[in-house]
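Please read the structure below before turning to the comments.
Given below as structure tokens:
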């Protein structure tokens, strides 16, 4: 039994019924959030096929995942199917449907591999896609919220560690003070502190907390603020805004999202105003998290607050009109609900809010990001963490 | 320019030419190894479309990845395309081809999303799949080998740390000795040592070494040997074989693979014989790594050596006939060459060899795994690490 099973089953049964379909089929591997949702986390690297018909569900799964899935995370039939790829998974899925005398339409997802869909068509099925799972996945179950709270708590441990390193580096650096202290890197463990070194420290803290950094850890200072996702290795200076932006993943595939920006030795100027703008924007966005409100309102109110403080709202992008200041989070790092499109919020939606300002002339930006669940009454943060600009050590 | 660019370009040009096709199109996201191969690591979570025509290549990429890719990792044209999903990526790719007056066949991969392929078909193209990139990816460039060596060196740091924890736990546990010492867990940092605690320690060491554990770290002792991929949390006892099996990933997406099995306090029985069998099997497999030899010979010689020592060869699976004792490694954790199928080894192939024995009655198994590149003369290990069964601290 997965944390999500009942909800996925209902969504698929409804979609199959509404469309008069014979079955639903999806093919994916361990990295596929949809297949994790349908079949649990114990999946192999190689493609598996999930089938749902009127009589039940089955997973065609190449070893070693088959045994794992059968025992632990899938409550349907598991069939060990050696050496599946997108072609053979589709071929096996088609054969399994034909053996069950299924005819007519087979529903699948937009992301199912083309090769797998072709095998279903060649076997005489009409293939049609459904987005029923997207909406189902957006509404988290209580078991999923427990997982998301746990991974978000681990993200807190990561940001706390970054804060402790930065606070410690302030003291260590003052004992190394030289004539050109403003231009020099902070010092940590006797070495110049860089964004790459701080990223390694944060990732080690996430690992100790039992979650995977998942390649999502952004640490930026100075030039690397221009595109934090590129990584890079810049010196961390006392006056720089330092971004620590984490989206770790647990063993079942659920993601957290927590970002804070710290300045070790702020002169109280631009970055204090920017920090005030994003923290007020965070409050404005959270206040919109209510069932029945348009999801786009969350983005609009967050952006409006940033603009009210005299900054440009840049969201998480810089180059086009879709710059939502947040997104849904779950088995994918970004999933429904979208804050830049149509659709209303529902209880159980989990949303990352990430108000950001960026100014190339100031040499950086300020971002805070938090994860909240929409409740019947409004929202709950999945973990609560202070938004102070100055790093403190515990 | 990516580490792989010239090779991918040649493979695609050959495939397009051979099939008389107008173009090659692929759609994927940051987790898609094929798209990383074609477009570099700076990709967003949302789908991007890669196009290659006679006149050049382009990437249709939703922000924020567009700017990153344009600046750092892609040497073709980058077009910022907001809010792509599998549907819109296919629609945009079709429109871009039509705007270039392309007609006829469009090549793609077996794993391209069905929705994207449908848009190409609706635009009048005949869609055909090619596996040209699979073979190209298997032959690593010098730049790729540099990355693989670096991530494998980080994997060594992870196994070294596990060994140090186990060696330290032996001494710490002896100072805690009680009447039932055989049945008790080892002690680490004042707490009972468990597989979950050791997994967190190893992952922190990988993170400090600058690579991502990528959810691939297996630590097993006792019951968790039955399926190490399931995780679990078992006590680590002095007489247990402890598996530490790592496949971390670097920022560009390249994987390592290193496994060792340790027994803190061996009685010299079953596990010593099993360890001898797998280390001899490792040598037998490595000796087969020569260009022109069948890849399946590597598996066969490795397995034969295990059987010669009186053990059952279980490879990495337990439930079917495809249990290869290794696999290719690169941008995917497992990729070509396959050691269980047809095909010859070529210089530049990177292969993980993972001989394993398992005996439920003995309560565990023994595995060692290493990564080697096939060279003109034979092979080179991407990192060299001792295979001793007793853990030593440095």
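Protein chains in written order, with our numbering: chain L, 1 to 394; chain C, 1 to 394.
Note that beta-carbon positions come from the ideal geometry of N, C-alpha and C, so glycine has one too.
These numbers come from a predicted model, not from an experiment.
Per-residue burial, residue i [other beta carbons within 10 Å of its own, 16 or more giving buried]
{"i": "residue 173 of chain C", "result": "buried"}
{"i": "residue 6 of chain L", "result": "exposed"}
{"i": "residue 307 of chain L", "result": "exposed"}
{"i": "residue 267 of chain L", "result": "exposed"}
{"i": "residue 108 of chain C", "result": "buried"}
{"i": "residue 130 of chain C", "result": "buried"}
{"i": "residue 250 of chain L", "result": "buried"}
{"i": "residue 160 of chain L", "result": "buried"}
{"i": "residue 356 of chain L", "result": "buried"}
{"i": "residue 300 of chain C", "result": "buried"}
{"i": "residue 274 of chain C", "result": "buried"}
{"i": "residue 302 of chain L", "result": "buried"}
{"i": "residue 55 of chain C", "result": "exposed"}
{"i": "residue 187 of chain L", "result": "buried"}
{"i": "residue 292 of chain L", "result": "exposed"}
{"i": "residue 407 of chain L", "result": "This structure gives no information on residue 407 of chain L, because the portion of chain L shown stretches from 1 to 394."}
{"i": "residue 313 of chain C", "result": "buried"}
{"i": "residue 305 of chain L", "result": "buried"}
{"i": "residue 17 of chain L", "result": "exposed"}
{"i": "residue 73 of chain C", "result": "buried"}
{"i": "residue 92 of chain L", "result": "buried"}
{"i": "residue 269 of chain L", "result": "exposed"}
{"i": "residue 201 of chain L", "result": "buried"}
{"i": "residue 191 of chain C", "result": "exposed"}
Nonlocal neighbours in the same chain, by C-beta distance under 8 angstroms from residue i, ignoring five residues either side
{"i": "residue 105 of chain C", "result": "19, 20, 21, 22, 125, 126, 127, 128"}
{"i": "residue 330 of chain C", "result": "33, 137, 138, 140, 144, 148, 254, 255, 350"}
{"i": "residue 97 of chain C", "result": "22, 23, 25, 51, 53, 106, 120, 123, 125"}
{"i": "residue 151 of chain C", "result": "211, 248, 249, 250, 254, 255, 256"}
{"i": "residue 110 of chain L", "result": "129, 131"}
Residue i: first and last residue of the uninterrupted beta strand (DSSP E) it sits in
{"i": "residue 392 of chain L", "result": "Element bounds for residue 392 of chain L: n/a, residue is neither H nor E."}
{"i": "residue 37 of chain C", "result": "Segment 33-39 is the alpha helix (DSSP H) holding residue 37 of chain C; no beta strand (DSSP E) there."}
{"i": "residue 395 of chain C", "result": "The displayed coordinates of chain C run from 1 to 394. Any statement about residue 395 of chain C would go beyond what the structure contains."}
{"i": "residue 80 of chain L", "result": "77-80"}
{"i": "residue 23 of chain L", "result": "23-28"}
{"i": "residue 227 of chain L", "result": "Element bounds for residue 227 of chain L: n/a, residue is neither H nor E."}
{"i": "residue 380 of chain C", "result": "379-381"}
{"i": "residue 328 of chain L", "result": "326-328"}
6 angstroms CB neighbourhood of residue i in its chain, flanking five on each side removed
{"i": "residue 309 of chain C", "result": "277"}
{"i": "residue 203 of chain C", "result": "213, 217"}
{"i": "residue 116 of chain C", "result": "27, 86, 89, 90"}
{"i": "residue 297 of chain C", "result": "288"}
{"i": "residue 155 of chain L", "result": "246, 248, 256, 258"}
Cross-strand partners of residue i (DSSP beta bridge)
{"i": "residue 245 of chain L", "result": "L:218, L:259"}
{"i": "residue 57 of chain C", "result": "C:52"}
{"i": "residue 139 of chain C", "result": "C:349"}
{"i": "residue 185 of chain L", "result": "L:237"}
{"i": "residue 264 of chain C", "result": "DSSP, once it has assigned bridges, lists no residue as partnering residue 264 of chain C."}
{"i": "residue 336 of chain L", "result": "Per DSSP, none; premise fails for residue 336 of chain L."}
{"i": "residue 108 of chain C", "result": "C:129"}
{"i": "residue 161 of chain C", "result": "Bridge partners of residue 161 of chain C: none, in fact."}
{"i": "residue 371 of chain C", "result": "C:352"}
{"i": "residue 357 of chain C", "result": "C:366"}
{"i": "residue 191 of chain L", "result": "L:188"}
{"i": "residue 344 of chain L", "result": "L:294"}
{"i": "residue 212 of chain L", "result": "L:249"}
Delimiting residues of the alpha helix (DSSP H) encompassing residue i
{"i": "residue 92 of chain L", "result": "86-99"}
{"i": "residue 275 of chain C", "result": "270-287"}
{"i": "residue 127 of chain C", "result": "Counting along the chain, residue 127 of chain C falls outside any alpha helix (DSSP H), though it belongs to the beta strand (DSSP E) covering 126-129."}
{"i": "residue 120 of chain L", "result": "114-122"}
{"i": "residue 198 of chain C", "result": "195-208"}
{"i": "residue 308 of chain C", "result": "295-308"}
Neighbourhood of residue i by C-beta distance below 7 angstroms, restricted to the same chain and skipping five residues each side
{"i": "residue 166 of chain L", "result": "242, 262, 264, 391"}
{"i": "residue 38 of chain L", "result": "8, 26, 50"}
{"i": "residue 336 of chain L", "result": "134, 135, 137, 138, 328"}
Proximal residues, the stretch 220-242 of chain C versus chain D, C-beta separation under 7 angstroms: Although the question refers to chain D, the structure presented lacks it and instead comprises the protein chains L and C.
Contact between the stretch 191-201 of chain C and the stretch 137-151 of chain C (3+ Cβ pairs under 8 angstroms): In short, these stretches do not touch, since the Cβ pair count stays below three.
Three CB pairs or more closer than 8 angstroms across the stretch 229-242 of chain C and the stretch 217-236 of chain L: Not touching, per the Cβ criterion.
Segment contact flag, the stretch 337-345 of chain L with the stretch 239-248 of chain L, C-beta cutoff 8 angstroms, min 3 pairs: The stretch 337-345 of chain L vs the stretch 239-248 of chain L: no contact.
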